[in-house]
Structure formats: structure tokens, C-alpha cells
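Numbering follows the numbering used here, in which position 82 of the sequence shown is assigned residue number 106; successive positions increment by one, without gaps.
Note that beta-carbon positions come from the ideal geometry of N, C-alpha and C, so glycine has one too.
All figures in this text were calculated on a predicted structure; none of them were measured in a lab.
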Amino acid sequence: MLLIVAATWFVSAGLLSGPVTGAAAATCGKFEQATLSCPEANGVFDHGGVDLSAGFDSNSGGGGGAPPGADGGAQTDENPGQNGDQGTVNVADPLVIVRDPFFVNCTPGSPCDPSLVVSMSDLVNFRPVVPTQGMEPNGWTVIGLPTNFFAAASAHTRSGLLLGFPAEVRFTPAGYRWAYGDGATGGSATGGASWADLHLPEFSETATSHTYLDAGDFVIALTVDYSAQYRFAGQPWRGIGGTLAVPANPITARAGTARTVLVDRECTRNPSGPGC
């Protein structure tokens, strides 16, 4: 008989980052792994992150244990009219479970049922850090000239406890996808960088730049695809098939034209000067 008594928890990894210490941070060593006494963990992409689940079954029937050499299972007297069967009694009620050297009246499926199997499980959700994006020029773009976009996302690890064992999920950026708001899209294996970091002059083309052809206000959306691995109870890292798409903060840019004019001085110092 199987009785699932364990509660299942759903916790955001945002509350579970940081090192795991103390007695609760048990690990499964080589002996436990060899004897299959470690709970098995499974990782899938779900709920905007990685769901790690683990569980195990335990025979935890009550009623007391049998002495050495005795049969610990439930039994009844097959010949109730005969004497000499030590450790058994005449049973009329089929719900009476008999154990050497005593018996208990036990309802099937209750904690005292010796055939009861207790199933324990746990579920924790680990979510990656939300990526961010930037652009230059910041908030505006010149029609016909490249606008540079770049993302801030890096490999990082989330940690927590699963069934009292340390659990970790490692997220690694695998791809970057931009929707520029004018119907065009672009992708890159890297998040790009600023013109200064790339040692390029302003309005240079980059692997993550885009050129607008029409005036208007555009909302730029970035999605970062993360690959993930998980580790449970000190066991080796395991990969999860596929990737997790995580949206970044949207940004708005205004595209317009630019003209080059000759001025007597900077227009901020002489707004009424020629060309200003």
C-alpha cells in the first residue's frame, strides 16, 4: 500500500541563493550512491526557471518490530483450532494484523499498517537573474546610422535545499535575440559591448547593431536563452535539454534625422547663433 504523505513545496530561487551550510547540507557520498540510498533528482524547465524535484519511498509501517528470526510481515493463524503456534492468536476479524510476539488492531492504510509505504517528495523552482540591455546613443537613434545594442547577462548559480540536501542550478547564456520594434529582428551568440569597449568610433556597425530607416518611437525587446545544469546532494552536474527564454527589460528609442551645420559657437553657449 502506498501513502503519499509528503508535502510538495514551490519556492522561488530568488529566496534560495547563497551558500548552504549547517547540518542540513548533507551530501551523498560514493557509498550512498553505490547503495542507491540517495534520492534521485530530476530537472526540467518550467515556471520561468528550473524545477528540481526529488523523492523516495520508505517502508515505515508501525506496530513494532519482530524479534530476531521472526517473520516481520503481517500474518494470521491459518489453523485457528490448533494449538502450539507460538506468537499467534486466533483471529476472527480480517483487519487484525498479527506480529510475533504480539498483535495490534490496525486499520489498513494507517501509520501502523506494516505494509504501508511512505512516499516523500520535494519540488523547488530556481529562476535565473533577469538580464538587462542598453543602447547607444542612449534613448535615441539616427536614421540611416547604426545603433549599438548590448546585453548584461552572465553565467551564475542559484542554490537551495531539496529534501534537506544541497541543490544547485547553473545558468549560462547561450544566445541573445533582439526585436527592434520596426519589424526587424536580430540574434547573436554574445551580448555585445559598447563602442568604447570594442575600441570603435561612434556609429560603427557591430555584431549587435541595427540601423533604423524610418522616424518614430520604437520599443526594443531582448530575450536571452539560458542553458542550465543542476547538481543535487554533491553528485555530478547534469544537463537539462533545451534552453530557457528569459526576457530582459524593454527600452524605448526615438529615431530621427540629423544634420551637420557650421556654427559660430556651441549652441548651448550661443543658442541664437547661426545654424542653431
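C-beta atoms of residue i and residue j nearer than 9 Å
i, j, result
"Pro190", "Ala176", "no"
"Gly215", "Thr232", "yes"
"Leu246", "Gln157", "yes"
"Pro271", "Ile244", "no"
"Thr267", "Gly199", "yes"
"Gly240", "Ala269", "no"
"Arg194", "Trp261", "yes"
"Leu185", "Ser145", "no"
Beta-bridge pairing of residue i - partner residues as DSSP gives them
i, result
"Pro197", "Tyr250"
"Asp70", "Gly73"
"Pro170", "Thr235"
"Ser145", "Gly79"
"Glu192", "Ser183, Arg255"
"Ala269", "Asp249"
"Trp202", "Gly210, Leu246"
"Tyr277", "For the record, residue 277 in the displayed sequence is Ala; it is not Tyr. In the DSSP output, where bridge partners are listed per residue, Ala277 has Phe242."
"Trp164", "Arg278"
"Glu64", "Gly79"
"Ala175", "Gln157"
"Gly263", "Gln253"
"Phe227", "For Phe227, which the question treats as bridged, DSSP gives no partner whatsoever."
Minimum C-alpha distance to residue i - residue among the options
i, options, result
"Ile264", "Cys62, Pro63, Val74", "Val74"
"Leu147", "Gly67, Thr267, Asp206, Thr284", "Gly67"
"Phe242", "Pro63, Glu64, Ile167", "Ile167"
"Trp202", "Thr292, Arg194, Asp249, Thr267", "Asp249"
"Pro170", "Arg194, Pro225, Asp221", "Pro225"
"Pro63", "His71, Asp70, Gly79", "Gly79"
"Gly207", "Gly280, Gly184, Thr181, Leu237", "Leu237"
"Ala277", "Glu160, Thr292, Arg194", "Glu160"
"Ser218", "Asn149, Phe173, Arg151", "Phe173"
"Thr209", "His234, Pro260, His223", "His234"
"Asn149", "Ala252, Arg293, Thr292, His223", "Ala252"
"Arg182", "Gly297, Phe69, Val153", "Val153"
Residue i burial status per 10 Å Cβ neighbour count (16 or more: buried)
i, result
"Ala282", "exposed"
"Asn162", "exposed"
"His71", "exposed"
"Glu290", "exposed"
"Pro295", "exposed"
"Ala179", "exposed"
"Thr165", "buried"
"Arg293", "exposed"
"Gly205", "buried"
"Ala213", "exposed"
"Ala65", "buried"
Practice task
Assess, as a yes-or-no matter, whether the stretch 230–244 is touched by the stretch 253–262 under the definition of 3 or more beta carbon pairs within less than 8 Å.
Solution key: The stretch 253–262 vs the stretch 230–244: no contact.
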